[in-house]
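A short worksheet on the structure shown next.
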Amino acid sequence: MELAREIAVWACIVGGSVFCVIGGIGLLRMPDFYTRSHAASITDTLGATLILVGLALVAGPGLIAVKLFFVLFLIYVTSPTAAHALVKAAYSSGLDAPDVEEGSRLKGHLSDDGGPGDG
Amino acid sequence: MTGDRVMGESIMGPTVEIVLFVFMIGLAFYIASLRSLFAAAMLFGIFSLLSAGALTMMDAVDVAFTEAAVGAGISTVLILGALGLTTSVETRPIHHRFTAKLVVTATGLMLAYGTLDMPAYGDPDAPINKHVAPHYLYDSETEIGIPNVVTSVLASYRGYDTYGETTVVLTAAVGAILLLGGGVARRRRETGSSE
Amino acid sequence: MNVFVVGMIGVLTTMLLALTRAFMGPTVFDRVLAANMFGTKTVLLIAVSGFLTGRPEWLDLALLYALMNFIGMIALLRFSKFQNLASDEQAK
Amino acid sequence: MSRSLVLFAHLLIVWLLLSGHYDPTLITYGVLSSIGVVALVAHLGILDDEALPVHMGIRPFFYVPWLLKEVVLANLAVAKVILDPRLPIHPRILRIRVGQKTHVGQVIHANSITLTPGTITLDVRDGHFLVHALTTDSAEGLLSGEMDRRVSHLEANGARREARRKSGQEGSA
């Protein structure tokens, strides 16, 4: 039981760290602002979740675990709001973005235009 | 795991502090070289978060929180407000300001020299840990009945002081809002532009 | 090797990467994005370091940081007029 | 009134969970500050369906696990894209029609889209979202409309109530 918990803790915290770093790499690799914000959202969701859940497993049930879930909840509520506000500000200021396409017309035809890598 | 934790604490704490300090120094030099003031304001926010992290690592949790609230929160907003009134790019200096660099370097060296006289970080025999601090730490809970020492110091031992401080800050904020905020909003409405 | 040390290294590495993006820009939005990500990483750093040094009470601080970060971010975006700033930066 | 009570209960529970000290003095402070916040919120008049969507009942408890599953899957997909040396992205902006009637529903939908890596809501305009999608896969996931259906189900009651309120206003106007 203790061993299983230890393994779960390691898996969560190491996994969370790896996802954070992947998000950071994405932040550097992606070609423009909009694509970078996708990379940033990885660190805010799975990276933060795994690390905080790992810490909660260490703490065991109790006040500390509750606080960890509060932190997680706050991140989950605030990070998309902040990301949306930022992206919207960028878009409305006219930062270079792809053209708007009609979703209803594209449905089922997405893979036809352009392969991976272009755009 | 317990043994690991003690070892992790003894090595990892200072390492993290050093890493954070290296980040801060690099950031400071980068900010100094920047011409775009908006970017500088953003990086100042990151600088505050870094120093808050460093303060947390040095156990000054309450100072760290003040740093984050004031440094990363309020002052970023204030700097941006000031930027709204001026241009957001610093003009290039005409000549190389050698004297300025000399003065800054000398001041920095003097400050670093001053720290040599201070007691070592975390020294239990330092004057600050010998005088009233133990009294607050050990007796405040029985005397005041509030578990958080900082709260009982702020709100009880020096309650009048805090009261005065709060009044001054509140009055200043109200005054500033009345003098500045209303004016800016009215001007903006009249011109109707985002200039 | 302590598991918290691993977490700490991960978070610090991510901070370094975000810092690099904040240095590189090129637009203001990239810098704001990096600053915002940096804020979340500070929350994680404090949470992990609290466990590392055996004092999980620091979580209160992490909680407040998460709130402050959000408020600061929204205040910033409401406050700044991005049109001017973006073009200024491009002129640089 | 019932809304105020629900809010008060929530605030007090949060206080008790975060404080960790349970002696009469501190609990009294908690009760007093909760009452203060409820009074302030009531005075500001912002205590409505948007602030406290009680009409959703327990349905969020079914939506959140599904959302978390989607978030994890999207994370894995985007992480794979980032680590791929060819960086196979195809960024595009899609205009999609959404079925939510209430503001709460639209906010939940827009935030869920943004929370899922690979898609970010750029703009919300009556009945339409502008969404930036990173890859073809994430765009396809978006167009399948499953999230739209689930959020619509979440607000089902609220939509009816909103419609009733609108018709009532028109009747009285």
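Protein chains in written order, with my numbering: chain B, 1 to 119; chain W, 120 to 314; chain H, 315 to 406; chain G, 407 to 579.
For every residue, glycine included, the Cβ atom is placed at its ideal position computed from N, Cα and C.
About 4 Å separates the beta carbons of W/Ser167 and W/Ala191, which is inside the 8 Å limit, making them a contact pair. Neighbours of H/Ala389 in chain B, taken as residues whose beta carbon is under 7 Å from its own, are absent, since the nearest beta carbon is some 11 Å off. Shown here, G/Asp529 sits in a strand according to DSSP, grouped into three states. Counting the other CB atoms within 10 Å of its CB gives G/Pro523 a total of 16 or more, which places it among the buried residues. In this structure, DSSP gives G/Arg503 an extended state, which the three-state scheme calls strand.
At least 7 Å separates the beta-carbon of B/Gly62 from that of B/Val9. Rounded to whole angstroms, the separation of the alpha carbons of B/Gly15 and H/Leu326 is 15 Å. Between B/Ala40 and H/Met351, the CB-CB gap stays under 7 Å. One finds His427 in chain G with Cβ atoms closer than 7 Å to the Cβ of W/Pro266, taken in chain order.
Chain order gives no chain G residues near B/Gly54, where near means a beta carbon separation below 8 Å; the closest approach is about 15 Å. Each of G/Ala516, G/Glu546, G/Trp421, G/Ala480 was checked against the Cα of G/Asp532, and the nearest Cα belongs to G/Ala516. DSSP places B/Glu101 outside any alpha helix (DSSP H); the residue lies instead in the beta strand (DSSP E), whose first and last residues are 100 to 102.
When secondary structure is reduced to three states using DSSP, W/His214 falls in the coil class, being assigned neither helix nor strand. The beta carbons of H/Gly321 and B/Ser17 sit closer together than 7 Å. Around the beta carbon of G/Lys486, a 10 Å sphere encloses fewer than 16 other beta carbons of the protein chains shown; the residue is thus reported as exposed. Here W/Thr185 is exposed: its Cβ has fewer than 16 other Cβ atoms, across all protein chains shown, within 10 Å. At a cut-off of 7 Å, the C-beta of G/Ala483 has no neighbouring C-beta in chain B. Only Asp429, Thr431, Leu432 from the stretch 429 to 462 of chain G bring a Cβ to less than 9 Å from some Cβ of chain W. W/Ser155 is bridged by DSSP to W/Val208.
At a cut-off of 7 Å between beta-carbon atoms, H/Gly321 makes no contact with chain W. Below 8 Å, too few C-beta pairs join the stretch 64 to 79 of chain B and the stretch 534 to 547 of chain G to call them touching: fewer than three. Taking 7 Å as the cut-off between beta carbons, the residues of the stretch 363 to 382 of chain H near chain W are Ser363, Leu366, Thr367, Gly368, Trp372, Leu375, Leu378, Tyr379, Met382, in sequence order.
Remark: C-beta atoms of G/Leu548 and G/Thr525 approach each other more closely than 7 Å.
The criterion of a C-beta distance shorter than 7 Å is satisfied by G/Glu561 and G/Thr508. Beta-bridge analysis with DSSP links G/Val537 to G/Leu500, G/Thr527.
In the three-state reduction of the DSSP assignment, B/Ala89 falls in the helix class. For the stretch 327 to 358 of chain H, residues whose beta-carbon sits nearer than 9 Å to a beta-carbon of chain W comprise Met329, Leu330, Ala332, Leu333, Ala336, Phe337, Gly339, Val342, Arg345, Val346, Ala348, Ala349, Phe352, Gly353, Lys355, Thr356. Put simply, the CB of G/Gly533 is far from chain B, with every gap to its CB atoms at 7 Å or more. The three-state reading of DSSP puts W/Lys249 in coil, since its state is none of H, G, I, E or B. When C-alpha distances from B/Gly47 are compared across G/His449, G/Val443, G/Asn481, the shortest belongs to G/Asn481.
A distance of 7 Å or more separates the beta carbons of G/Ile499 and B/Val87. Here G/Asp454 is exposed. Its C-beta has fewer than 16 other C-beta atoms within 10 Å. At least one beta carbon of chain B lies nearer than 7 Å to the beta carbon of G/Ile526. Against chain B, the beta carbon of G/Ile488 has neighbours under 7 Å at Ile22, Ile25, Gly26, Arg29, Ala39, listed in chain order.
Around the beta carbon of B/Ile75, 16 or more other beta carbons lie within 10 angstroms, which makes this residue buried.
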